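Participant:
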Amino acid sequence: MADFSKHKFGTKAIHAGADADPSTGAIMTPIFQTSTYVQELPGKNKGYGYARGKNPTREALQKNIAALENGKHCICFSSGMGATDAVMKLLRPGDEVITGDDLYGGSYRMFTKIFANYGIKFHFINLSDANNIKKYVNANTKLIWAETPTNPTMQIIDIEACSAIAKENKILLAVDNTFASPYLQNPLALGADIVMHSVTKYLGGHSDVVMGALIVNDDKLQEQLYFILNSCGANPGPMDCFLVMRGIKTLHLRMERHCFNGKKIAEYLKTHPKIEKIYWPGFTDHPNHAIAKKQMRDFGGMISIVLKDKSIDNTFKLAGSFKVFSLAESLGGVESLINHPATMTHASIPKEEREKAGVVDNLLRLSVGVEDVEDLIEDLKQALG
Ligand SMILES: *Cc1c(COP(=O)(O)O)cnc(C)c1O
């Protein structure tokens, strides 16, 4: 296996894990569409027994994603939620988790509706001041689960500050790095123990695969998480692994364009008369801009806007009037999407808590794609007009 650990990001994205196939020389990693592997004698095999546990296409992708996060190990799952589920299964009844109050709706649903029933206690707090964490730490605290930038209000959480508190108290720190992608932010280098990706988003990048990944440096943690994957079965299929590897080959190019378009659009929307508030960490007056600058390579293409008009009907009408942006859940693909978090991605959060976190009925979230930015701005202009 060729070593690309010393190379730069784009070279890693294209080459890490992607050695030519030894049996044919095929430059693309083959799709090993198989459930089992023939054994010479019972237990004597080529390192592969059954495909829930191991698949060569998946292994190639895992090496690639690990390289992008400068991590030692990566384990891929059938979805981002499958990956999150595996992290939660490290815990025992009585354990406590400290997490953010502005969280991906599906994570909130899993924590409150599934794992709370297994005796795990969750504290949903404002993590943008890491000192808040200290008030909730006790002997049962086992995990901090942070998401940054947050979804959809784009708060930035100081990963190094969270890590310092986690280390002092022997708590694991997991970071959902989906919004930033490994191109913009590498939490392991900032002290996180686990990085989670919804690979569905920027890593896959083409809105054609659902997948998740965990990246860790610690061998014991890797062993535990792999045991959970193999025992519980949220493994991704080889065809999907192939598609994601193909998608990642252009991650750096896509991210550059997402960031470029995102900046142009954020600047255009900032002074628009119909917009009350705009959330994008690249503005120097964003409350956590300094932290974003410190821990991110650029500011990304995720932007949320709050309309001056509070009417949900008018917000719906606007959301339905785009010609280039598509109204859809998800993010991080090449095509621009618009989403109404209150009724779409965040509908599983009770209205009162949702609004406390700023997810009001007149908020819309944009995932800025890689189209020509002039066309995107034109589309915003006509929809808002
Ligand atoms: C989409 C998403 C998830 C869930 O991932 P799936 O692949 O949809 O299961 C988790 N966190 C964030 C921030 C997301 O955007």
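Under the numbering used here, the very last position in the sequence shown is 1879; numbers go up by exactly one each time.
Just so you know, even glycine gets a beta-carbon here, dropped at the ideal spot from N, CA and C.
All figures in this text were calculated on a predicted structure; none of them were measured in a lab.
1) Please report the Cβ distance between residue 1672 and residue 1691, rounded to the nearest whole angstrom; I am assuming they are in contact, meaning their Cβ atoms lie under 8 Å.
2) Residues in the same chain with beta-carbon distance under 6 Å from residue 1585, minus the five sequence neighbours each way, listed in chain order, please.
3) Tell me which residue opens and which closes the beta strand (DSSP E) that residue 1689 is part of.
4) Taking only three categories from DSSP, how would you classify residue 1737?
5) Going by DSSP, name the residue or residues bridged to residue 1707.
6) Check whether the stretch 1576-1593 touches the stretch 1757-1768, counting contact only when three or more Cβ pairs, one atom from each stretch, lie closer than 8 Å.
7) Among the residues of its own chain, which have a CB less than 6 Å from the CB of residue 1667, if the five just before and after it don't count?
8) For the alpha helix (DSSP H) that residue 1599 lies in, which residues bound it at each end?
9) Pick from 1808, 1795, 1805, 1649: whose alpha carbon is nearest that of residue 1863?
10) Using the beta-carbon count (16 or more within 10 Å), is residue 1593 buried or exposed?
11) Could you check what DSSP says for residue 1721 in three-state terms: helix, strand or coil?
12) Which same chain residues, not among the five before or five after residue 1609, have their C-beta less than 7 Å away from its C-beta?
13) Does residue 1641 come out as helix, strand or coil in the three-state DSSP assignment?
14) Are the beta-carbon atoms belonging to residue 1790 and residue 1876 less than 8 Å from one another?
15) What residues in its chain sit with their C-beta under 7 Å from that of residue 1506, if we drop five residues either side in the sequence?
16) Considering Cα atoms alone, identify which of 1569, 1525, 1564, 1611 is closest to residue 1587.
17) Hey, residue 1809 and residue 1840 are a contact pair by Cβ (cut 8 Å); roughly how many whole angstroms apart?
18) Should residue 1784 go down as buried or exposed, given a rule of 16 or more other Cβ atoms within 10 Å for buried?
19) With distance defined between alpha-carbon atoms, name the residue in 1708, 1736, 1515, 1732 nearest to residue 1723.
20) Under DSSP, the beta strand (DSSP E) around residue 1796 begins and ends at which residues?
21) Output the distance between the C-alpha atoms of residue 1550 and residue 1526, rounded to the nearest integer angstrom.
22) Can you pull every residue whose C-beta falls closer than 7 Å to some heavy atom of ligand 1, listed in chain order?
23) Which ranges would you report for the alpha helix (DSSP H) in the stretch 1832-1857 if only whole runs of at least 4 residues count?
24) Taking the straight line between their C-alpha atoms, what separation do you get for residue 1831 and residue 1596?
25) So what does DSSP say about residue 1504, is it helix, strand or coil?
26) Could you give the uninterrupted runs of the beta strand (DSSP E) lying entirely in the stretch 1508-1573, keeping only those of 3 residues or more?
Facilitator: Quick look at the numbers:
1) To locate residue 1672, count along the sequence shown from 1; it is residue 178. To locate residue 1691, count along the sequence shown from 1; it is residue 197. Right, the Cβ-Cβ distance comes to about 6 Å (below 8 Å), so this counts as a contact.
2) Locating residue 1585 in the sequence shown gives position 91, counting from the first residue. Within the same chain, residue 1585 has close Cβ partners 1614, 1636.
3) Indexing the sequence shown from 1 puts residue 1689 at position 195. Its beta strand (DSSP E) spans residues 1688-1692.
4) The sequence position of residue 1737 within the sequence shown is 243, counting from 1. If DSSP states are grouped into helix, strand and coil, residue 1737 belongs with the helices.
5) Locating residue 1707 in the sequence shown gives position 213, where the first residue counts as 1. DSSP lists 1570, 1691 as the beta-bridge partner residues of residue 1707.
6) Cβ pair count under 8 Å is below three, so no.
7) In the sequence shown, counting from the first residue as 1, residue 1667 sits at position 173. So the list reads 1638, 1656, 1657, 1660, 1686, 1687, once near-sequence residues are dropped.
8) For the purposes of this step, residue 1599 is taken as the residue at position 105 of the sequence shown. Note, residue 1599: alpha helix (DSSP H), 1599-1603.
9) Your numbering for residue 1863 matches position 369 in the sequence shown. Of the listed residues, the one whose Cα sits closest to residue 1863 is 1795.
10) Numbered from its first residue, the sequence shown carries residue 1593 at position 99. By the 10 Å Cβ count, residue 1593 comes out buried.
11) If you number the sequence shown from 1, residue 1721 lands on position 227. Note: residue 1721 maps to helix in three-state DSSP.
12) Locating residue 1609 in the sequence shown gives position 115, counting from the first residue. So the list reads 1582, once near-sequence residues are dropped.
13) The residue you call residue 1641 lines up with position 147 of the sequence shown. Of the three classes helix, strand and coil, the one that applies to residue 1641 here is strand, per DSSP.
14) Translated into positions along the sequence shown, residue 1790 becomes position 296. Translated into positions along the sequence shown, residue 1876 becomes position 382. With contacts defined as CB atoms closer than 8 Å, residue 1790 and residue 1876 fail to qualify as a contacting pair.
15) The count along the sequence shown starts at 1 and reaches residue 1506 at position 12. Once the five neighbours on either side are set aside, the close Cβ partners of residue 1506 are 1498, 1561, 1562.
16) Within the sequence shown, the letter at position 93 stands for residue 1587. In terms of Cα proximity to residue 1587, the closest of 1569, 1525, 1564, 1611 is 1611.
17) By one-based count along the sequence shown, residue 1809 stands at place 315. By one-based count along the sequence shown, residue 1840 stands at place 346. With 8 Å as the limit, residue 1809 and residue 1840 do not qualify as a contact, their Cβ atoms being about 14 Å apart.
18) For the purposes of this step, residue 1784 is identified with residue 290 of the sequence shown, where counting begins at 1. Counting Cβ neighbours within 10 Å, residue 1784 comes out exposed, since fewer than 16 surround it.
19) Along the sequence shown, one-based indexing puts residue 1723 at 229. The shortest C-alpha separation from residue 1723 is found at 1708.
20) Translated into the one-based positions of the sequence shown, residue 1796 becomes position 302. 1796-1801 is the span of the beta strand (DSSP E), which, as asked, contains residue 1796.
21) Working through the sequence shown from its first residue, we reach residue 1550 at position 56. Working through the sequence shown from its first residue, we reach residue 1526 at position 32. Cα to Cα, the separation comes out at about 7 Å.
22) Residues whose Cβ lies closer than 7 Å to any heavy atom of ligand 1, listed in chain order: 1573, 1574, 1575, 1576, 1578, 1598, 1600, 1601, 1641, 1645, 1670, 1672, 1673, 1692, 1693, 1694, 1695, 1704, 1705, 1706, 1824, 1825.
23) Scanning the stretch 1832-1857 from its first residue to its last, the whole alpha helix (DSSP H) runs of 4-plus residues come out as 1845-1850.
24) To locate residue 1831, count along the sequence shown from 1; it is residue 337. To locate residue 1596, count along the sequence shown from 1; it is residue 102. Their backbone Cα atoms lie some 20 Å apart in a straight line.
25) Position 10 of the sequence shown, counting from 1, holds the residue named residue 1504. Helix.
26) 1567-1571
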